[in-house]
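Heads up: the structure comes next, in structure tokens.
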Amino acid sequence: MSQSPLPLARLKELLANLNRARIGVVGDFCVDSYYLVDVAASEPSLETGISTRPVREQRQTLGGAGNVMANLHALGVTQLSAFAVIGDDINGRELLRLLAERKVETCGLVPQSKDWMTNSYLKPIVEGEECHRYDFGIFNQLAPESETALLQAITAALPSLDVLVINQQFKTGIYTQRFQEGLNAALRAHPRLIALVDCRQLAAAFPTGLRKLNDLEATRLCGNSYQPRDTIPREVTLAAARELFARWQTPVFVSRGARGCIAVDAKGTYETPGLHLIKKIDSVGAGDSMVAGIAACLALQATPAEAIAFGNFVAGVTVQKLHQTGTATPAEILAIGASPDYVYQPELAEDVRRATYAAGTEIEIVEPLPPEFAIRHAIFDHDGTISTLRQGWEEVMEPMMIRAILGPVFSTAARGDHERITRQVREFIDQTTGIQTLQQMHGLALMVREAGFVPAADILDAAGYKRIYNDALMALVQQRKDKLERGELGVEDFSLKHAVAFLQRLQAAGVRLYLASGTDEQDVKLEAAALGYASLFEGRIYGASQDMDHDAKRMVLERILGEIGPANAASMVTFGDGPVEIRETRKRGGLTVGLASDECQRHGINPAKRTRVIRAGAHLVVGDFVHLDALLTLLRIPTQA
Numbered sequence: 007m008s009q010s011p012l013p014l015a016r017l018k019e020l021l022a023n024l025n026r027a028r029i030g031v032v033g034d035f036c037v038d039s040y041y042l043v044d045v046a047a048s049e050p051s052l053e054t055g056i057s058t059r060p061v062r063e064q065r066q067t068l069g070g071a072g073n074v075m076a077n078l079h080a081l082g083v084t085q086l087s088a089f090a091v092i093g094d095d096i097n098g099r100e101l102l103r104l105l106a107e108r109k110v111e112t113c114g115l116v117p118q119s120k121d122w123m124t125n126s127y128l129k130p131i132v133e134g135e136e137c138h139r140y141d142f143g144i145f146n147q148l149a150p151e152s153e154t155a156l157l158q159a160i161t162a163a164l165p166s167l168d169v170l171v172i173n174q175q176f177k178t179g180i181y182t183q184r185f186q187e188g189l190n191a192a193l194r195a196h197p198r199l200i201a202l203v204d205c206r207q208l209a210a211a212f213p214t215g216l217r218k219l220n221d222l223e224a225t226r227l228c229g230n231s232y233q234p235r236d237t238i239p240r241e242v243t244l245a246a247a248r249e250l251f252a253r254w255q256t257p258v259f260v261s262r263g264a265r266g267c268i269a270v271d272a273k274g275t276y277e278t279p280g281l282h283l284i285k286k287i288d289s290v291g292a293g294d295s296m297v298a299g300i301a302a303c304l305a306l307q308a309t310p311a312e313a314i315a316f317g318n319f320v321a322g323v324t325v326q327k328l329h330q331t332g333t334a335t336p337a338e339i340l341a342i343g344a345s346p347d348y349v350y351q352p353e354l355a356e357d358v359r360r361a362t363y364a365a366g367t368e369i370e371i372v373e374p375l376p377p378e379f380a381i382r383h384a385i386f387d388h389d390g391t392i393s394t395l396r397q398g399w400e401e402v403m404e405p406m407m408i409r410a411i412l413g414p415v416f417s418t419a420a421r422g423d424h425e426r427i428t429r430q431v432r433e434f435i436d437q438t439t440g441i442q443t444l445q446q447m448h449g450l451a452l453m454v455r456e457a458g459f460v461p462a463a464d465i466l467d468a469a470g471y472k473r474i475y476n477d478a479l480m481a482l483v484q485q486r487k488d489k490l491e492r493g494e495l496g497v498e499d500f501s502l503k504h505a506v507a508f509l510q511r512l513q514a515a516g517v518r519l520y521l522a523s524g525t526d527e528q529d530v531k532l533e534a535a536a537l538g539y540a541s542l543f544e545g546r547i548y549g550a551s552q553d554m555d556h557d558a559k560r561m562v563l564e565r566i567l568g569e570i571g572p573a574n575a576a577s578m579v580t581f582g583d584g585p586v587e588i589r590e591t592r593k594r595g596g597l598t599v600g601l602a603s604d605e606c607q608r609h610g611i612n613p614a615k616r617t618r619v620i621r622a623g624a625h626l627v628v629g630d631f632v633h634l635d636a637l638l639t640l641l642r643i644p645t646q647a
């Protein structure tokens, strides 16, 4: 099996040519209606006494097969045709309007006034959470004349299409037995056409088609009985994808949600990993986005491996758009695809029982190291990798963020509001550990604005919130530095076990050391000096600036590559307990050692950090530098100074 990265040049080429694609979509076109309810304005009904649901905002978007179409249009596909049956109702008229806005050819939309309601999902959003959905059209009965008219429209259009997406959302609707037979006959008459089948219950109904399924659908077709919220093991999904290809003999695409996508064709099996996203996500419609991305690529004769990588980027954009069936523009795809942050080995990261270790040590070998490498450059993150002076920063940041978000109601907020904000803050801190503090504070400013407790005029910018946080953190750090200066505590009390000795051994072996931190640069230099190892880095100490557009760790990596040349990236190793330094090194072809450090004990493994660094792409994982000689040996660095 091979990974399916999509080089930037190829990504740009695909995006530039999408206006050449000719794609039709047949299936269950829906109108998604969102009702944003503001309970603050609720009052009991005079007639019933039941609390009202005041709607502050109402919006309609394309859903189901319509969401596939909306995604294709947003991607830049201009030659689009829709095939469906619609009712003589308000949702049917709204569907036509939404498609007309996107210049979709709608001659293939067949009206039926009796026994047919235009498919629609009504989604109330109360206090930011989607409530019970109202579904329209699930009792539809297709009239024979509608069936005939729809088949005629599709058959007439097929010669002018590159790809036909076959979408099925509802158990009842257009997909009668006669319609399936008629559509299959039309597809057999046009073997050049690519049919991409995305059907919940009818994946096997169109034998000439390529299939896109999710892991639940694929494994159930192979006799498994997983439930919708189960985590399905990668090896089970792989086996199912291969079995289905062997059964159908046409390419199979199996999405794994946040864990990426698998493709199988006659040439082999390909996999694209999931994307690391730090924002809150909404997975509604992600499958449609993936289908649109795959279909667009297939229309340009891209390979299945390229198609799943591209589709993964499309879905990665849309899941970050909350309470909407989102779409992705070429600019958004380019932003996420130019330097994607992948999630590595999620199953191993989440299950320590799968771990393997170097003999006689607690050094976890996540991936075999390359057969040939020679380390000459070593980059170290600071906090949690060498130093523990800032241990407990999360306990400083969490209450500071909660207070900032609740603002004037901090002391009087309802218990439910306080608990909800606390959960949100904890999730945010966990997801953003390792990035610049200023970027975290930018996220805080967005959360403050979104929560609505603080008047707009009183909301600070990222730098303002950073000053509040930094003042609180530096008070803690200064207390610890004072104890160092008074001799009450030593360097060993504020550094990981054998970390300084490890730095000394590397320097003695001729390895150039670099210190990269998301902390302000001056603070990093002062703290490294206080702990007595600043000189080992020979001036190569880098920290954050006030510019959010320049990440300190990325800057260091770029500078190193500029010095030694990209071709020599394999001579670089990075040690870190956060995702940024691990991911950026992996992108550049270097080796990575994840520090799953327990900063309180200063030795041993922190399970949460182990998960984090493996997902970021660590080759090796250690909790400290106790097994100093073994680690040096694994990295092929002489064990004698």
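All residue numbers for the sequence shown refer to the working numbering, where the first residue is 7 and numbers rise by one.
Yeah, the Cβ is synthetic: ideal placement off N, Cα and C, and Gly gets one too.
Collapsing the DSSP output to three states places residue 501 in a strand. Residue pairing for residue 63: DSSP places it in a beta bridge opposite 42. Around the C-beta of residue 64, fewer than 16 other C-beta atoms lie within 10 Å, and the residue is accordingly described as exposed.
If you compare the alpha carbons of 460, 464, 444 and 496 with that of residue 472, the shortest gap goes to 444. Between the alpha carbons of residue 76 and residue 170 lies a distance of about 15 Å. Fewer than three beta-carbon pairs drawn from the region 422–430 and the region 364–379 are found closer than 8 Å, and the two stretches are therefore not classed as touching. When the alpha-carbon of residue 433 is set against those of 283, 360, 252 and 217, the nearest one is in 283. For residue 105, the enclosing alpha helix (DSSP H) covers residues 96–107. Taken atom to atom, the span from the alpha-carbon of residue 533 to that of residue 580 is near 20 Å. Between residue 313 and residue 269, the CB-CB gap stays under 8 Å.
Under DSSP, residue 598 forms a beta bridge with 580. Here residue 36 is buried. Its C-beta has 16 or more other C-beta atoms within 10 Å. Counting along the chain, residue 131 sits inside the beta strand (DSSP E) bounded by residues 126–132. The DSSP assignment places complete alpha helix (DSSP H) segments of no fewer than 4 residues inside the region 377–442 at 399–412 and 421–438, in order along the chain.
In this structure, the beta-carbon distance from residue 71 to residue 33 falls below 8 Å. Of the candidates 279, 525 and 453, 525 places its Cα closest to the Cα of residue 396.
Judged by their CB atoms, residue 121 and residue 158 are not nearer to each other than the 8 Å cut-off.
When secondary structure is reduced to three states using DSSP, residue 303 falls in the helix class.
Here residue 346 is buried: its Cβ has 16 or more other Cβ atoms, across all protein chains shown, within 10 Å. In terms of Cα proximity to residue 85, the closest of 228, 189, 108 and 116 is 108. Distance from the CA atom of residue 94 to the CA atom of residue 178, rounded to whole angstroms, is 18 Å. The beta carbon of residue 74 is closer than 7 Å to those of 31, 171, 173, 294, 297 and 298 in its chain, skipping five residues each way along the sequence. In the structure shown, the three-state DSSP call for residue 29 is strand. If you keep only unbroken beta strand (DSSP E) runs of at least 3 residues inside the region 585–641, you get 597–601 and 626–628.
Cβ-Cβ distances below 6 Å link residue 506 to 539 in the same chain, with the five nearest sequence neighbours on each side left out; the list follows chain order. With a threshold of 16 other beta carbon atoms within 10 Å, residue 261 meets it and is buried.
Exposure of residue 25 is indicated by the presence of fewer than 16 other C-beta atoms within 10 angstroms of its C-beta.
By the beta-carbon neighbour count (other beta carbons within 10 angstroms, threshold 16), residue 635 is exposed. In the structure shown, the three-state DSSP call for residue 146 is coil.
Residue 363 has 370 as its beta-bridge partners, per DSSP. Counted as a single uninterrupted DSSP element, the stretch harbouring residue 229 is not any alpha helix (DSSP H), since DSSP gives it neither H nor E. Check the Cα spacing between residue 341 and each of 384, 316 and 290: the tightest is with 316.
In this structure, residue 590 lies near residue 563, with their beta-carbon atoms less than 8 Å apart. In the assembly as shown, residue 628 is a buried residue. Its beta-carbon has 16 or more other beta-carbons within 10 Å. Judged by DSSP secondary structure, residue 183 falls outside any beta strand (DSSP E) and instead within the alpha helix (DSSP H) spanning 183–194. Residue nearest to residue 565 within the set 582, 520, 530 and 491 is 520 (criterion: CA-CA distance).
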